[in-house]
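Trainee: What follows is a structure written as structure tokens; I'll ask about it next.
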Amino acid sequence: MEADLKESDSNLLNLTKQLDNANAAQKVTAEALETTNKEKRRLLEEAKSRDEEISIMRKDLELSENGRKEAEAGKRKVEAKLANAEADFVANFHNTEAYTNFSDYFARVGQQVVLTELRNDHPDFDVKSLEARFPPRDVEGEEDS
């Protein structure tokens, strides 16, 4: 009977060890599951945040596409107005007050451009004497030839 008791104790000790091992394994598994769930929640939050960013970027892209289309339409309108204005200026150039003849007109334009450039590039330089020698046509009071 004593042998049966020793065997029974041995079996009990074995079962206790197995139970302890199972408890330890369950504890490790529970900790791993908790860590995994935390990581899963973090990744879900990150995915949600990225999804919101993507949604905002899509809206921004759509707005910029609309803005680009509007800008292109505006550019075409301005170019058309500019073409009309240029054509009108060329058609009515001979009627402009500053025009006496072709060479005089461009000489005066060139003089005024040079004086403006001097004023802008060399603010310390006194251009008044040059302006007195080469006034714009309407100041000069020339008569049409």
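Per my numbering, the sequence shown starts with residue 319, numbered consecutively. Quick reminder that beta carbons are idealized off the backbone N, C-alpha and C, glycines included.
1) From the DSSP output, in three-state form, read off Asn402 for me.
2) With H, G and I counted as helix, E and B as strand and the rest as coil, what does DSSP make of Val445?
3) Quick one: what does DSSP say Asn410 is sitting in, helix, strand or coil?
4) Return yes when the Cβ of Phe452 is within less than 8 Å of the Cβ of Leu433, no when it is not.
5) Any idea what DSSP makes of Met375, helix, strand or coil?
Mentor: With the structure as the only source:
1) In the structure shown, Asn402 adopts helical secondary structure according to DSSP, grouped into three states.
2) Coil at Val445, not helix or strand.
3) Residue state, collapsed to three classes: coil.
4) Phe452 sits close to Leu433, with the two beta carbons spaced by under 8 Å.
5) Taken through DSSP and simplified to helix, strand or coil, Met375 comes out as helix.
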